[in-house]
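Working notes, structure below.
Rendered as structure tokens:
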């Protein structure tokens, strides 16, 4: 990790119609390329994607008055209605988002507005309310659940409120291990800023290189080091929020019984209640040591049993991940070991950082061995770490090759884990089969809790036509299966618009009414991210 | 602990005008009795407390119709408007509550209603709404912040909704370590029920013997083992709530990004949004081993530095507590060592339970030594454990002797801990001095976090007259000082009515508006615990 020695490569602007730095694009490894026809049959290579200059957009619906008001709020140089800016803010990075970016006609926000600090965010919200313009808060642009769709709601236009200029370390309390960061600071920027003081946040979701600290909070992110440092919710000690009808600063104390924890109302609110402008987080000294260990299990079930033992004992590794047989086979295929791979069962990687590694490793190893695990050395875990942010690059190459690829995730108790996994896998395979498509489903566990764990699915499918339509029906089937089988509709990707129709099944009608009541109180005209989390009609 | 071998003494009904089991009443130890005049000057012995049979109450304001409706909801045998039942539900166990219980004229709810399960709770709320009767949810009756005051709000009567009949272990998932408990189950009952399956919850607040699992949730309790098991919020994996306009079941998954965590809206809601009827909690195997170690520090500041190191390293003891010089002196006085005590500085007790004790102890000890601590053996820590639920008994004896005694608590970051402690101590001493009373202030830290810690104050004062009036002014001064010095108005006692006027300073006007909006949505006629957490006029 670059941040360990204070140097971080902040990735350049993201590829407009795919993931990440175009210079880092990853070709499909040859063994995977060879495997695909076996798994998915012959796939059809898609028509070439449209070029940025040829995308057709509707004209910006901002009036001269609208434009002048935003100009006054943030300076005219920070109100951008060029086609490129609008297209770059047209959505997130789900596979449907990327498929839509390949089309000639696209929808986009009417302008991109770039405030520099909290007061300018507040001023933008005042303009939005006064002029009846919807606002889509935009951090790193890495949403995979439709949170960034340019939705006007009942208004005449929508602007993307790009928060990247709210950047920097605002305060660091080294004694308490408490840092205040501007919401638009990206993962690598956060680690670089903290590293100059010897501290680390330790939040490494796959979106790390682009996503922002405000986005982590708004979406209730969880990172790869969650076994050691917890999900992002648990790292947040305070936030500052601008809403259309009053600002908030929450988190006076590391522990409190001063009424309900309102911080938690804004974590996961995805911009529908307000715009998070500052995030205070717990930080720790940069760990000096790091140890890798990989494990093989006869099957996923025994691997899961190992993770359960580790989670319930506590004080284990910083990272622990279990890949099922299908994911293990493909990751080994990537390093050219298909033959061996297919006999390998399930694999686990562990990474230990920080203090007391020897004891933590010894206790963890004892539990994994008791569950049937066999150590397979440092190699696979080290390999995993090197490539841990690269998955989305491979998706671009798969899409280029005509292979549909998407991920989704859920979580449940340990006792329900196998049943939920089977239900989701069956919904995925059955859904694609119903559309005449072969599919290959991989699953891993990457976040563990004493009472349960996450399940993360990657699916490849050979969809012959209308992939957006096919995926919409498959995804609906999967969401129904998750609800029916006791899972959560999202463990760390959030709700956005894609999961919103299922939220009432997760939190009940009364739960949705609570969210709608908060929304009406803070955003009575409904300018903030209309339709995300809760359907627009519920907030009127 | 009784629950470790499956036997638990469930304490009998609590003393109506004091704490706990009358048979367990604790006389003041002679050395303390000798110390009091030195610390506080001569105190005046109060008039004898009124006897239960002589308390004067207004007649119950329930109409025959009201009464018939509650009879229909829970059975007439579970609607009790006898003077004794009403007086026993007249308030909580703060010192002002106990002083009011010593007076001849008292206020009390108009009846006590005892539902047996969720549906009966729901039926009671329907009666309350239809008949315009306020409802005070009542668990163990241990609130110390005025949450149980019989407040009618805008209604013509108020009933105490006693939840003790909602008792029992509803489900236990031994694989996931997840238990569902009826909300009225008390601390000892919970541990006894779990112990028959080999599990422990491990939540031991001082109110443990009487308080209920629903009360722990409603008040965001934190227990003495919080260093090992976290505050109660973090133990809760799900809840079931009855509200006047719809029920909720929350907590589908151990981790989720399905919108804001609404569970957290009900934790700390103190019965103003709904009545918690079931609580799902994380449980763990009963620890086999327990190790005690006590420490001496030259002063509180160095002790706090030791606790900070332990908290930030993680994986430390199950219990850790730091008593300041004043508290150390008095606790040593109780065991007859005044002379030695006053030279002793600050003291720390640690208790280790569960796995990996040797390593955890070694790492913890290294940090405590580095901060200037010297081990003082098992003794004081073991003594602390034996008496850990007995503090409130001593308060009764102090009140009998004419000594005012009350506790309050707050929390802040490590870097602000000394300043906050000084501010609170100064507000306490200054407040009593202004009323012409000598006081003695003790402080301990009993809950640690990576970024900060709690501060718990016990104050003794020789108030000559009108203790309720004097304390109200002192407490206001303390709350102002806490807010001005960056603390939280409550770390684990909750808001109730006593702290409600300060909540807007904690969470802002916008925060109060959010709570009021939720309240209006779920309880539009305002029957639920009017005036707790937020002032009545904010919820209209």
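Residue numbers (this note's numbering), protein chains in the order written: chain A, 309 to 848; chain B, 309 to 848.
The beta carbon of each residue, even a glycine, is placed where N, CA and C say it ideally should be.
Query	Result
Note down, in chain order, every chain A residue with its Cβ under 7 Å from the Cβ of residue 850 of chain B.	Residue numbering for chain B in the displayed model covers 309 to 848; residue 850 of chain B lies beyond these limits and cannot be assessed.
Taking 8 Å as the limit between beta carbons, can you name the residues of its chain near residue 671 of chain B, skipping five residues before and five after?	621, 623 and 624
Quick one: what does DSSP say residue 836 of chain A is sitting in, helix, strand or coil?	strand
In three-state terms, what does DSSP make of residue 816 of chain B?	helix
Do you know offhand how far residue 428 of chain B's Cα is from residue 381 of chain B's?	6 Å
Strictly under 8 Å for the Cβ-Cβ distance: is residue 508 of chain B near chain A by that measure?	no
Residue 760 of chain A lies in the beta strand (DSSP E); which residues open and close that run?	760-769
Does residue 388 of chain B come out as helix, strand or coil in the three-state DSSP assignment?	strand
Just to make sure I have the definition right: I need the residues of chain B whose C-beta is within less than 8 Å of the C-beta of residue 570 of chain A. Which are they?	815, 819, 822 and 823
Alpha carbon to alpha carbon, what distance is there between residue 738 of chain B and residue 754 of chain A?	54 Å
I think residue 830 of chain A touches residue 582 of chain A, with their Cβ atoms under 8 Å apart; what is that distance to the nearest whole Å?	6 Å
From residue 413 of chain A to residue 355 of chain A, what does the alpha carbon distance come to, in whole angstroms?	15 Å
If we ignore side chains and look at the alpha-carbon of each, how far apart do residue 627 of chain A and residue 668 of chain A end up?	12 Å
Of all the residues that make up the region 793-813 of chain A, which are near chain B by a beta-carbon distance shorter than 8 Å?	794, 795, 796, 797, 798, 799, 800, 801, 802, 803, 807 and 811
Using a beta-carbon distance below 8 Å, is residue 567 of chain A in contact with chain B?	yes
With DSSP run on the structure shown, which of helix, strand or coil describes residue 847 of chain A?	helix
Identify every residue that forms a DSSP beta bridge with residue 470 of chain B.	B:446
Should the region 777-784 of chain B be called in touch with the region 547-565 of chain A, which here means at least 3 C-beta pairs below 8 Å?	no
Identify which residue in B:567, B:566, B:467 and B:488 has its Cα closest to the Cα of residue 522 of chain B.	B:488
Along chain B, which residues have their Cβ under 9 Å away from the Cβ of residue 551 of chain A?	818
Please name the residue, chosen from A:378, A:724, A:446 and A:632, that lies closest to residue 764 of chain A on a Cα-to-Cα basis.	A:632
Given residue 731 of chain B, which residues of its chain have a CB within under 6 Å of its CB, disregarding the five upstream and five downstream residues?	789 and 793
Counting contacts by CB-CB distance shorter than 8 Å, is residue 451 of chain B in contact with chain A?	no
Is DSSP giving residue 775 of chain B helix, strand or coil here?	helix
Going by the CB atoms, is the gap between residue 417 of chain B and residue 468 of chain B shorter than 8 Å?	yes
On the DSSP bridge assignment, give the partners of residue 750 of chain A in chain order.	A:766
Tell me the DSSP secondary structure of residue 370 of chain B in three-state form.	coil
For residue 828 of chain A and residue 688 of chain B, I'd like the C-alpha separation in whole angstroms.	55 Å
Assess, as a yes-or-no matter, whether the region 697-708 of chain B is touched by the region 328-339 of chain B under the definition of 3 or more beta carbon pairs within less than 8 Å.	yes
Given this structure, state the Cα-to-Cα distance separating residue 396 of chain A from residue 376 of chain A, to the nearest angstrom.	22 Å
I want to know whether the region 500-511 of chain A touches the region 457-468 of chain A - three or more CB-CB distances under 8 Å.	no
Which same chain residues, not among the five before or five after residue 610 of chain A, have their C-beta less than 6 Å away from its C-beta?	679 and 680
Does the distance from the C-beta atom of residue 421 of chain A to that of residue 387 of chain A stay below 8 Å?	yes
Along the beta strand (DSSP E) that carries residue 704 of chain A, what are the first and last residues, could you check?	Note, residue 704 of chain A: premise wrong, no beta strand (DSSP E); alpha helix (DSSP H) at 699-708.
Anything in the region 721-751 of chain A with a Cβ closer than 7 Å to a Cβ of chain B? List those residues in chain order, please.	721, 722 and 723
Please state if the CB of residue 451 of chain A and the CB of residue 804 of chain A are separated by a distance shorter than 8 Å.	yes
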